[in-house]
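Written below as structure tokens is the structure these notes are about.
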Amino acid sequence: MRYTLLLHYPEPGEGEVPAETIREVQEAFGRYGRALEDAGVLVAAEVLAPGAATTTVTLRSGDLQVQDGPFAETKEALAGVFVLDVPHLDAALGWAEKCPAAQFGVIEVRPVATSFVDGAWTA
Amino acid sequence: MTDPDDASRAVAEAAARDGYGRLLALLAAQSGDLVSAEDALADAFERALRTWPDDGTPGNPAGWLLTVARNRLRDRWRSAEVRRTEPLDPVAHAPVHLDALDAVDPDAVPDKRLELMLVCAHPAIAAPARTPLMLSTVLGFTAEQIARAWSVPTATMATRLVRAKRRVAQAGIPFVFPGREDLRTRTAAVLEAVYGAYAVEWSTTGPEPRGAPSEALQLAEVLADLLPDDPEVRGLAALVALSSARAAARLDPDGRFVPLDEQDPARWDRDLVERGRAHLRAAHGHRVLGRFQLEAAVQAVHCARTGPGPADPHTLRDLHEALHAVAPSLGSATALAVVTAGVEGPARGLALLDALLEPHGAAARRFQPAWAARAHLLAGLGRDREAVTAYDEAIALTHDAPQRAHLVRRRDEGRLS
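So the protein lines, in turn, are chains R and L. Per numbering that gives the first Met the number 0: the first sequence = residues 0 to 122. Per numbering that gives the first Met the number 0: the second sequence = residues 0 to 416.
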């Protein structure tokens, strides 16, 4: 069963986080990624670029609207996504607890309802 | 351990940590402020590094450092900077309390480290901050070293430490020895915090092997020095020493996980085993049983075997029964079921496991050791298909690569047989 770990944390300003800390966090994420791969549970891992780089697209009101910026401005922004393939929620929670971002942010664990695999949505 | 350079370096380091904790405890006990006491002591050490090589080491280095740090603290109180940046509180900022430091005989620096440890484990300090705070103040470990043990970024740990240290001064936590009634609960919190250094959970996963918890060993020894007549303090020191003694044997030379019963006793650290046994003997002399003594006794039974094969199953069962009665937890329940199987067979073990875990519900379902135990017991009963399912559950909940590989091997052995 697939679960997504949605990483939320406040976006740091330019130069706000010391280079040394950035390096440490990168190393921690490196170890985390390798552990997920080693366990054979990793489907995808994406850490997102800052919200300022976001472009929003909608046709909700009829015509195409392409807007500069994120959908919702929040203090704690969506900052990364991990997709794991694990047997159940307990296993997903175990990995969420080990995620480096849990140390400075909040991780939402959500089951995937359906995935597009080999040309079709899974039941 | 065999390299004399390494050994002497370790002795020198331990001595430095010992001295640091003593001086900081004394300075902070008088000012009530860990942050400024640390700053003053850091200044004193810095000056020592600058002047001692030319002027020679003073006859009483601790007294010298104390005098310099005390003067630094006093300068700080008097400095205009303090008055500009902090509202002047006539009680807290009066330098009267520093006069008590003048009365200290530099030749006989009193030991206030127990008071310091009690402050670190004070109920007003958040429980997760207590162990790092102790390692920082009592042993003088840097935020970077502590961060490494917890696998968190240095900046994260530094922030947590500063917050906890400020809290000591802001909340006005006193550096005093509590009364007899309070002492017991307060000591229990100190024990928990020291145990926390031993049971550090890796919070981020990684394939890199983790070193032995030498921080816990040092902290437990300091506490045993300060409270040698507390049986649980001795029990904890024994527990940490005995299990640290086996740290190197946990993985084989190829990095594969080796379960306790299959470890080679020749790879255990004999000195640490002896040290642990000595603590345990001292603890038992008091004839008051407790959780840490029982856990240490379990370790001692495991360390008693000299050849291959399992340790004495009857003694293990008795000890785990007592342990589960004194300090019941998911871990104690699982361990009791496993050792019961060692005496009465896997069917009894499995029935006990079910009965003991039932009240824990979802928490038991997420408890990896319980699944590993269940798989092991089912395999022992020849219920191979159920065993494979239980192994799969255990594997899904395992984040440590060598342990997972071990479970996979066990599961696949069962499939083949």
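The beta carbon of each residue, even a glycine, is placed where N, CA and C say it ideally should be. Being a predicted model, the structure only gives us computed values, none of them experimental.
Beta carbon proximity, residue i to chain R, threshold 9 Å
i: residue 204(L); result: A caution first: residue 204(L) carries a pLDDT of 35, below 50, which makes its placement in the model too unreliable to give a value.
i: residue 210(L); result: Residue confidence for residue 210(L) is low, a pLDDT of 46 falling below 50, so the modelled location carries little weight; the figure read from the coordinates is stated next. Not an interface residue.
i: residue 391(L); result: yes
i: residue 240(L); result: no
i: residue 146(L); result: yes
i: residue 24(L); result: no
i: residue 187(L); result: no
i: residue 378(L); result: no
i: residue 367(L); result: yes
i: residue 361(L); result: yes
i: residue 91(L); result: Annotation note: pLDDT 49 at residue 91(L) (below 50); position unreliable, no value reported.
Cβ-based neighbour list, residue i, same chain, cut-off 8 Å, excluding 5 preceding and 5 following
i: residue 47(L); result: 60, 63, 64, 67
i: residue 28(L); result: 111, 114, 115, 174
Residues that residue i contacts on chain R, provided the C-beta gap is smaller than 7 Å
i: residue 150(L); result: 27
i: residue 403(L); result: 38
i: residue 396(L); result: 89, 90, 93
Neighbouring residues, chain L, relative to residue i (Cβ below 8 Å)
i: residue 17(R); result: 154
i: residue 78(R); result: Result: empty, since nearest Cβ-Cβ is about 15 Å, beyond 8 Å.
i: residue 24(R); result: 152
Whether residue i touches residue j by CB criterion (9 Å)
i: residue 108(R); j: residue 91(R); result: yes
i: residue 418(L); j: residue 156(L); result: Residue 418(L) lies beyond the range of chain L shown here (0 to 416); nothing can be said about it.
i: residue 371(L); j: residue 406(L); result: yes
i: residue 158(L); j: residue 19(R); result: no
i: residue 355(L); j: residue 380(L); result: no
i: residue 20(L); j: residue 112(L); result: yes
i: residue 16(L); j: residue 138(L); result: yes
i: residue 268(L); j: residue 296(L); result: no
i: residue 454(L); j: residue 24(L); result: In the structure as shown, chain L begins at 0 and stops at 416. Residue 454(L) is therefore absent and cannot be evaluated.
i: residue 151(L); j: residue 102(R); result: yes
i: residue 278(L); j: residue 223(L); result: yes
i: residue 300(L); j: residue 322(L); result: no
i: residue 24(R); j: residue 94(R); result: no
i: residue 308(L); j: residue 260(L); result: yes
i: residue 197(L); j: residue 170(L); result: no
Option nearest residue i by Cα separation, candidates the options
i: residue 253(L); options: 398(L), 192(L), 404(L), 347(L); result: 404(L)
i: residue 115(L); options: 364(L), 30(L), 133(L); result: 133(L)
i: residue 412(L); options: 392(L), 384(L), 400(L), 395(L); result: 384(L)
i: residue 382(L); options: 325(L), 345(L), 274(L), 38(L); result: 345(L)
i: residue 160(L); options: 125(L), 247(L), 398(L), 360(L); result: 125(L)
i: residue 9(R); options: 23(R), 26(R), 36(R), 50(R); result: 50(R)
i: residue 390(L); options: 378(L), 401(L), 399(L); result: 378(L)
i: residue 89(R); options: 400(L), 364(L), 409(L); result: 364(L)
i: residue 305(L); options: 217(L), 266(L), 279(L); result: 266(L)
i: residue 79(R); options: 105(R), 118(R), 34(R); result: 105(R)
i: residue 374(L); options: 238(L), 243(L), 410(L); result: 410(L)
i: residue 317(L); options: 339(L), 333(L), 303(L); result: 339(L)
i: residue 242(L); options: 213(L), 230(L), 49(L); result: 213(L)
i: residue 368(L); options: 173(L), 350(L), 300(L), 332(L); result: 332(L)
i: residue 359(L); options: 341(L), 350(L), 328(L); result: 328(L)
i: residue 388(L); options: 286(L), 197(L), 414(L); result: 414(L)
i: residue 163(L); options: 395(L), 120(L), 178(L); result: 120(L)
i: residue 226(L); options: 248(L), 187(L), 257(L); result: 187(L)
i: residue 503(L); options: 288(L), 251(L), 286(L), 237(L); result: An answer regarding residue 503(L) cannot be provided, because it is not within the stretch 0 to 416 covered by chain L.
i: residue 402(L); options: 62(R), 37(R), 44(R), 112(R); result: 37(R)
i: residue 185(L); options: 357(L), 231(L), 122(L); result: 122(L)
CB contact check: residue i to chain L, cutoff 9 Å
i: residue 30(R); result: yes
i: residue 103(R); result: yes
i: residue 99(R); result: yes
Nonlocal neighbours in the same chain, by C-beta distance under 7 Å from residue i, ignoring five residues either side
i: residue 42(R); result: 1, 82, 83, 84
i: residue 31(R); result: 97, 98, 99
i: residue 257(L); result: 248, 249, 250, 251
Under 9 Å by beta carbon: chain L residues contacting residue i
i: residue 75(R); result: Within 9 Å Cβ-Cβ: nothing; residue 75(R) doesn't reach chain L, min ~16 Å.
i: residue 20(R); result: 152, 153, 154, 155
Contacts of residue i in chain R (Cβ-Cβ under 8 Å)
i: residue 364(L); result: 89
Within chain L, partners of residue i - CB distance below 7 Å
i: residue 85(R); result: 395
i: residue 43(R); result: Ordered by position in chain L, no residue passes the 7 Å Cβ test against residue 43(R), which lies about 18 Å from the chain.
Neighbourhood of residue i by C-beta distance below 6 Å, restricted to the same chain and skipping five residues each side
i: residue 55(R); result: 66, 70
i: residue 42(L); result: 71
i: residue 79(L); result: Because the pLDDT of residue 79(L) is 49, which lies under 50, any placement of that residue in the model is unreliable, and the question is left without a value.
i: residue 195(L); result: 130
i: residue 114(R); result: 1, 121
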